[in-house]
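Residue numbers (UniProt numbering): 1 to 411. Where is the CB? At the ideal position from N, CA and C, for every residue including glycine. Okay, so here's the structure we're looking at.
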Ligand SMILES: *Cc1c(COP(=O)(O)O)cnc(C)c1O
C-alpha cells in the first residue's frame, strides 16, 4: 500500500459517510471487489431499504387489491403526501409549495404553461448554452408553441472566450426587458458550476422576468432555499443525487405568492382538491398549493423509492452532507491537480462534481476506467469526463482509486 492510499483509508476512518446504507455494485476490473462509483450525478446508487420498502408496497396490492387505496400500511390515495415534507425541507420550501410528480421535463412543461406567458416584445427565454438538451428542446418547443421563432426567442448564455463557467455579472447583464423567462440549471450538468441562484433570481425579477430553476443536479447535492430566494418555480429529478432509481418521479416547486393565483394550468383529476375529488363534478376546485399542478393519480411503485430516499436525506440533513461533500470534493480536486478541471475551483461555486477535459476521447477513457480499474465515471463526448464524489456513499479511498487510475491511463 502506498502512503497516499494509507492516507485515504485514514481519512475514511475519520469521516466515514453512509456507504453501508447503499448497495455498491461489484467491480468488473481492477484490484478491489466494489466499484469506485462517481456516476451518482447521472444515476445514484440504490439504498438497501428501497428493496424492502418497495416490496412492502407491492405486497399491499397483493393483499388488498383496490382496498389498498385506503387500507394499505402506506395508503395509496394520500401516498404522495408522504414525500412532500421531506422534499420541501430538502429544497428549502414550504410543504404547500412542493409536490412530487411526473418526470422532470414534463414538470418543466407544466410549469411553463403557467410561467412562460410571452407578450409582444417580452417573449424571450434565457438558458445556458451548456443546458442539458432536454431543457433546450423544452424551451424551444414552448416558444414555438406560442408562435415565436426559437432561433430568436431563446437566448443561450456562453462563458467568455477561454473560460469554462458563467460569471454572475455577465448573466445579470443579459436580462433585458425582452426577457419573459429565465430558466437556468442550479448546478450545470456538464461543468458542475453552481449558479448564484438568489442573485440571478433577484436580477431576473428586477428586469421584469419570471425566474425558474432546473435543479436536476442541485437537489440532494447542495442546500437550497427556494422560498427565501423568492424563486418563482423549480423542478428536479430524483434519480441523480436523490438515489430513487432510473426514471424516478420528479419534484416541483411553486412559490407561495403564486399559489391560488389566476394562472393558466393544465388540469386533470389530481389537480382538484383531495377533499372533494370524489364528488366527480365537471369543474375542478384546485387547492391553493402546488398540488394544483398535479394532473394524474401518481404511480405508487415509482414513488416508493423516492419516499425511502427522501427519508435518508431527512434523517441526515443536507447541510451535514454538504459539509462532507466539500471535504470529499476538495480531496478529489487535490488528486486531480495535474489535469484540466473545468469546474470552478471555488467550493462555493460547485457541488459534488468535477469535470475534466481529456484528450483522446472521453468515452474510451471511461470504458478503460470501468473495465481495468473498476472506476465508474461518466463521459460526455467529445472530451469531458465527469466525476461526482457523492457524500452519502463515496469514500476518500474511491477518490484515491480514481486519481491513481487516471494518472496511469493519462500518463
Ligand atoms: C437529468 C436532466 C434532465 C432529464 O430529464 P427527464 O425529464 O427526467 O428525463 C433534464 N434536465 C437536466 C438539466 C438534467 O440534468
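Under the three-pair Cβ rule at 8 Å, the stretch 121–131 does not count as touching the stretch 273–286.
In the displayed model, residue 47 falls within a strand according to three-state DSSP. Within 7 Å of the C-beta of residue 253 there is not a single heavy atom belonging to ligand 1. When 148, 147, 144, 156 are compared, the shortest CA-CA separation from residue 131 is found for 156. Shown here for residue 255: same chain residues with a beta carbon closer than 8 Å to its own, the five before and five after excluded, namely 97, 226, 227, 230, 231, 232, 233 in chain order. In this structure, residue 241 places its C-beta atom within 8 Å of the C-beta atom of residue 41. In this structure, DSSP gives residue 403 a helical state, which the three-state scheme calls helix. With a cut-off of 8 Å on Cβ pairs, the stretch 352–360 is in contact with the stretch 182–197, counting three or more such pairs. Per DSSP, reduced to three states, the secondary structure at residue 26 is strand.
Proximity to residue 305 across 269, 17, 46 peaks at 46, based on C-alpha coordinates. For residue 307, same chain residues with a beta-carbon under 7 Å away, outside a window of 5 residues either side, are 82, 83 in chain order.
Taking all protein chains shown into account, residue 296 has fewer than 16 neighbouring C-beta atoms within 10 Å of its C-beta and is therefore exposed. Beyond the five residues adjoining it in sequence on each side, residue 140 comes within less than 7 Å, by CB distance, of 150, 154 in the same chain, given in chain order. According to DSSP, residue 214 shares a beta bridge with 185, 235. Residues 368 of the same chain have their beta carbon placed closer than 6 Å to that of residue 409, with the five preceding and five following residues left out of the count.
Apart from sequence neighbours up to five positions away, the residues of its chain that approach residue 287 with a beta-carbon distance below 7 Å are 273, ordered along the chain.
The distance from the Cβ of residue 386 to that of residue 378 is about 5 Å, consistent with a contact at the 8 Å cut-off.
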